[in-house]
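J.:
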Amino acid sequence: MLRPESRATTILLAMLTGVPPFATSMFMPSLPDISRSLSASPAEVQLSITAYLVGLAIGQIFYGPFADKYGRKLVMLVAMAIFSLATLLCALAPNIEILMLGRALQAVGGAGAIVITRAMVRDTHDGVLAARELALMASFMSISPIVAPILGGVLQTASGWRSTFVVLLIFGLLLTAAFWLLLGETLKHRTQEPLSFGSVFRTFGTFLRSPMYLANIALGAGAFAGGYAWLSGSSFILQDLHHLTPLQFSLVFAISSVGFLIGNTLAARFVMRRGIGFTVLAGCSAIGLASAMLLAAMTLGYNSVTVLTACAVVYLAGQGLVMPQTMAASLMAFPRAAGAASSLAGFIQQGCGGISAAVVGYYMGQSEWPVVWGMVLMGAFVVVVGFATHRMRTPKPALHGNADRPEPGA
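The opening residue of the sequence shown carries number 7 in the numbering used here; numbering runs sequentially from there.
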């Protein structure tokens with residue numbers, strides 16, 4: 007068994023957390039081909055992204071309370087089994103409706119990986135150490151949207167879109183086996199209250215009465231929704247409007263995703279030296295700068311692939327600085343219900359991402375503006391909320407917090 011504080015554990019948890027974004031990014035180069043192959047419109051194919059995000063949102067509601075009650079390991083294994091079976095369904099899908107169903111179920115399984123890995127970090131780390139651990143995991147995880155679209159583009163060119171799901175199935179099974187064999191149970195105090203909808207929603211109500219929790223989750227959700235405007239619309243923009251091939255698109259998308267890796271890497275350094283508050287504000291500033299650059303460029307007619315990608319790099323770097331820190335800060339307030347707190351946070355963030363993807367898909371046409379407005383509006387939201395709620399959001403700058411005492415503002 008791996009030790010909870012080992013770097014190998016961090017890498018394995020990061021790879022598990024990376025399953026949902028890997029499944030999304032690897033899928034992106036194939037969207038136009040899926041549209042042709044299954045005789046579906048771009049809007050219908052876009053709904054497969056929305057279905058995935060809805061599945062991620064709904065799935066995260068349930069895993070946290072179950073993981074707090076029955077332990078992290080059992081619930082993670084169930085989640086990965088759902089992911090694997092749904093991935094097989096996607097690979098065999100005869101029409102767009104079955105593909106949407108498979109993607110939704112795939113996301114429901116992947117949601118468990120997101121919720122439970124965050125809860126396992128909170129089980130074993132306190133204070134800014136938890137924030138650093140989440141940032142390190144996010145740094146490893148952010149490699150997936152760089153590697154995944156390139157791999158997806160290669161598979162799409164060589165074997166078509168179904169091969170991407172075959173590779174995802176193999177990847178999921180290997181990670182499940184590694185988790186089962188190498189990691190132990192981290193939950194020390196299981197929830198004693200009987201599990202019911204009433205108890206779950208009472209717990210959620212406690213979270214929603216915490217100003218610190220609400221402010222952090224709202225900020226993280228805004229950053230996530232802005233990033234998903236780019237993720238969900240970039241395939242059609244770059245392939246249909248700018249006429250890139252699937253492989254060319256995958257390379258450009260991977261370059262833009264480097265921004266998220268840069269942000270996560272900087273976050274892991276900043277949070278130990280300057281604290282969570284400074285790190286988040288740096289991310290908000292980067293998102294605001296990227297939004298202003300993007301809006302100015304589009305207004306002046308500079309809508310080349312290079313300009314769009316450069317703005318996306320800066321935007322996603324800001325997202326990488328904001329999201330792990332706001333998640334860590336929100337979980338600090340509720341150490342004995344970290345699973346449920348992670349569930350609700352994930353539901354809100356993924357729900358906002360799903361709405362963003364659906365709106366962008368609905369307005370998608372012969373212009374980049376739907377994606378641009380999605381990023382710019384969410385960027386403005388992040389800047390306003392980030393700076394206005396700075397004191398409310400920021401926990402005490404202690405390396406080791408009292409695991410049984412909520413932070414101020416909880």
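All C-beta atoms, glycine included, are put in the ideal place defined by N, C-alpha and C.
Is the separation between the beta-carbon of F353 and that of Q162 shorter than 8 Å?
T.: Locating residue 353 in the sequence shown gives position 347, counting from the first residue. Locating residue 162 in the sequence shown gives position 156, counting from the first residue. No.
J.: Can you tell me the Cα-Cα spacing of Q355 and T400, whole angstroms?
T.: The sequence position of residue 355 within the sequence shown is 349, counting from 1. The sequence position of residue 400 within the sequence shown is 394, counting from 1. Using only the alpha carbons, I get a separation of about 19 Å.
J.: Just to confirm, is the Cβ distance from E374 to M278 under 8 Å?
T.: For the purposes of this step, residue 374 is taken as residue 368 along the sequence shown, with counting starting at 1. For the purposes of this step, residue 278 is taken as residue 272 along the sequence shown, with counting starting at 1. No, Cβ-Cβ distance for E374 and M278 is not below 8 Å.
J.: Let me check understanding here. Comparing Cα to Cα, which of P26, D132, S205, T251 lies closest to A85?
T.: If you number the sequence shown from 1, residue 85 lands on position 79. The shortest Cα separation from A85 among P26, D132, S205, T251 belongs to P26.
J.: Let me make sure I understand the geometry here. Which of L327, S238, R13 has the alpha-carbon closest to that of T285?
T.: Residue numbering aside, residue 285 sits at position 279 when the sequence shown is read from its first letter. The residue with the shortest Cα to Cα distance from T285 is L327.
J.: Just to confirm, are A318 and G265 a CB contact at a threshold of 8 Å?
T.: Taking the sequence shown and counting its residues from 1, one reaches residue 318 at position 312. Taking the sequence shown and counting its residues from 1, one reaches residue 265 at position 259. Going by C-beta atoms, A318 is nearer than 8 Å to G265.
J.: Find out if the Cβ-Cβ distance for the pair L267, S145 is shorter than 8 Å.
T.: Reading the sequence shown from its first residue, position 261 is the one you call residue 267. Reading the sequence shown from its first residue, position 139 is the one you call residue 145. Yes, they are a contact pair.
J.: Specify, as a first and last residue, the run of the alpha helix (DSSP H) that G345 falls within.
T.: Mapped onto the sequence shown, residue 345 falls at position 339. 344-369 is the extent of the alpha helix (DSSP H) around G345.
J.: Pairs of beta-carbons, one from the stretch 223-239 and one from the stretch 328-344, closer than 8 Å: are there three or more?
T.: The stretch 223-239 vs the stretch 328-344: in contact.
J.: Is the CB-CB distance between V366 and G226 below 8 Å?
T.: The count along the sequence shown starts at 1 and reaches residue 366 at position 360. The count along the sequence shown starts at 1 and reaches residue 226 at position 220. For V366 and G226, no; Cβs fall outside 8 Å.
J.: Is G24 near the ligand NAP, judged by its Cβ being under 7 Å from some heavy atom?
T.: Questions concerning the ligand NAP fall outside what the structure shown contains, since it holds no ligand whatsoever.
J.: Taking 8 Å as the threshold, find out whether the stretch 192-204 comes into contact with the stretch 122-139 through three or more Cβ pairs.
T.: Short answer: they touch.
J.: Identify whether R280 lies in helix, strand or coil by the three-state DSSP scheme.
T.: Taking the sequence shown and counting its residues from 1, one reaches residue 280 at position 274. In this structure, R280 counts as coil in the three-state DSSP scheme.
J.: How close, in whole Å, do the beta carbons of I282 and A335 come, if the pair is a contact with beta carbons under 8 Å?
T.: In the sequence shown, counting from the first residue as 1, residue 282 sits at position 276. In the sequence shown, counting from the first residue as 1, residue 335 sits at position 329. The pair is a contact, with the Cβ atoms about 5 Å apart (cut-off 8 Å).
J.: Indicate whether S263 and P35 have their beta-carbon atoms separated by less than 8 Å.
T.: Residue 263 sits at position 257 when you count from the first residue of the sequence shown. Residue 35 sits at position 29 when you count from the first residue of the sequence shown. No, the Cβ-Cβ distance between S263 and P35 is not below 8 Å.
J.: At what residues does the alpha helix (DSSP H) containing M384 begin and finish?
T.: Position 378 of the sequence shown holds residue 384. Segment 375-394, the alpha helix (DSSP H) holding M384.
J.: When the Cα of L181 is compared with those of G294, A87, S348, P100, which residue comes out closest?
T.: By one-based count along the sequence shown, residue 181 stands at place 175. Of the candidates G294, A87, S348, P100, the one whose C-alpha sits nearest the C-alpha of L181 is A87.
J.: How would you call F203, buried or exposed, if buried means at least 16 neighbouring beta carbons within 10 angstroms?
T.: Walking along the sequence shown from the start, residue 203 turns up at place 197. Counting Cβ neighbours within 10 Å, F203 comes out exposed, since fewer than 16 surround it.
J.: Measure the alpha-carbon distance for Q254 versus L111 and round it to whole angstroms.
T.: As a working note, residue 254 is residue 248 in the sequence shown. As a working note, residue 111 is residue 105 in the sequence shown. If you take the alpha carbons of Q254 and L111, they lie about 30 Å apart.
J.: Could you compute how far the alpha carbon of V377 sits from the alpha carbon of L337?
T.: If you number the sequence shown from 1, residue 377 lands on position 371. If you number the sequence shown from 1, residue 337 lands on position 331. So the two alpha carbons sit approximately 31 Å from each other.
J.: On the DSSP letters alone, give me the boundaries of the alpha helix (DSSP H) that P155 sits inside.
T.: Numbered from its first residue, the sequence shown carries residue 155 at position 149. From DSSP, the alpha helix (DSSP H) with P155 extends over 150-165.
J.: Might you give, ordered along the chain, the residues of its own chain that have their beta carbon closer than 7 Å to the beta carbon of V60, omitting 5 neighbours on each side?
T.: Within the sequence shown, the letter at position 54 stands for residue 60. A110, G360, listed in sequence order.
J.: For A97, which residues of its own chain have a beta-carbon under 6 Å away from its beta-carbon, when the five flanking residues on both sides are left out?
T.: In the sequence shown, counting from the first residue as 1, residue 97 sits at position 91. R168, F171, V172.
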